[in-house]
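Residue numbers (our numbering), protein chains in the order written: chain A, 8 to 102; chain B, 2 to 185. Inspection log for the structure reproduced underneath, given as structure tokens.
Rendered as structure tokens:
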């Protein structure tokens, strides 16, 4: 305070209070949060890593919810070979 | 000869032999199609787009596999080809629509909501929506680690990024998605 007065600064009259807000429970939860980050960094596989990073996400099903047309995977290689053959025929006729 | 039980190295040998090339290619597709399809589908959301990109990827594989030098594993190379093709596709979409990235992303969000199975109350759909909030590259990192459980060392070769940067990116992504799910 004296230093500010010596400098002739108006700040000497201000009470140095923190005006920033911190989320509720931030400091209480911080040690665990940091510890979990450290454990996640040291985890040996993705599953273990996720249990430390986010217990919530580690419990969500990884089953993909999107719809896929019936027989898509069964027919894909055939469709592709046909496409490649058409493409090669086209290239041959262009030569 | 059934090629379904062959290792990647054996499949590559068969692929280089003109008599077994098609059979080997079919086996490679069957072995990796679902992993690659889902990797792409999670990025582009729409089935038709994922199918288009997957077909382009496999045509690139057909053309490039003969010269594949096996410096990396086949699986790593396939993921790299697929990821690059996917990023190119998303880039083209942005250019074609002449819209900003955020517009493309909200488009992806709308595509998720348009899926015939969509249920906004279910956690797995909230997760899909949460994933779409991430920037493109971070989305790829999240998908590869969360769904494919890819080791960082492997991912580093696919994405040509350091392991430390990938780890940090994934950890941030998990937090962002968790926050999204908690707030929606």
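By construction, the Cβ of each residue, glycine as well, lies at the ideal position given by its N, Cα and C atoms.
One alpha carbon belongs to residue 121(B), the other to residue 61(A), and they sit about 21 Å apart. Shown here for residue 66(A): not one same chain residue has a beta carbon closer than 6 Å to its own, the five before and five after excluded. In this structure, DSSP gives residue 9(A) a helical state, which the three-state scheme calls helix. The beta carbons of residue 33(A) and residue 47(A) sit no closer together than 8 Å. Remark: three or more beta-carbon pairs, one from each stretch, lie closer than 8 Å, so the region 63-83 of chain A and the region 121-132 of chain B are flagged as touching. Residue 54(A) and residue 150(B) have their alpha carbons spaced roughly 8 Å apart. CA-CA distance, residue 16(B) to residue 53(B), rounds to 23 Å. For residue 81(B), the closest C-alpha among the options 118(B), 55(B), 133(B) is that of 55(B). Counting of Cβ neighbours within 10 angstroms places residue 154(B) among the exposed residues, the total staying below 16.
Rounded to whole angstroms, the Cβ separation of residue 177(B) and residue 145(B) is 16 Å, and the two are not in contact under 8 Å. Taking the C-beta atoms as reference points, residue 87(B) is found no nearer than 8 Å to residue 46(B).
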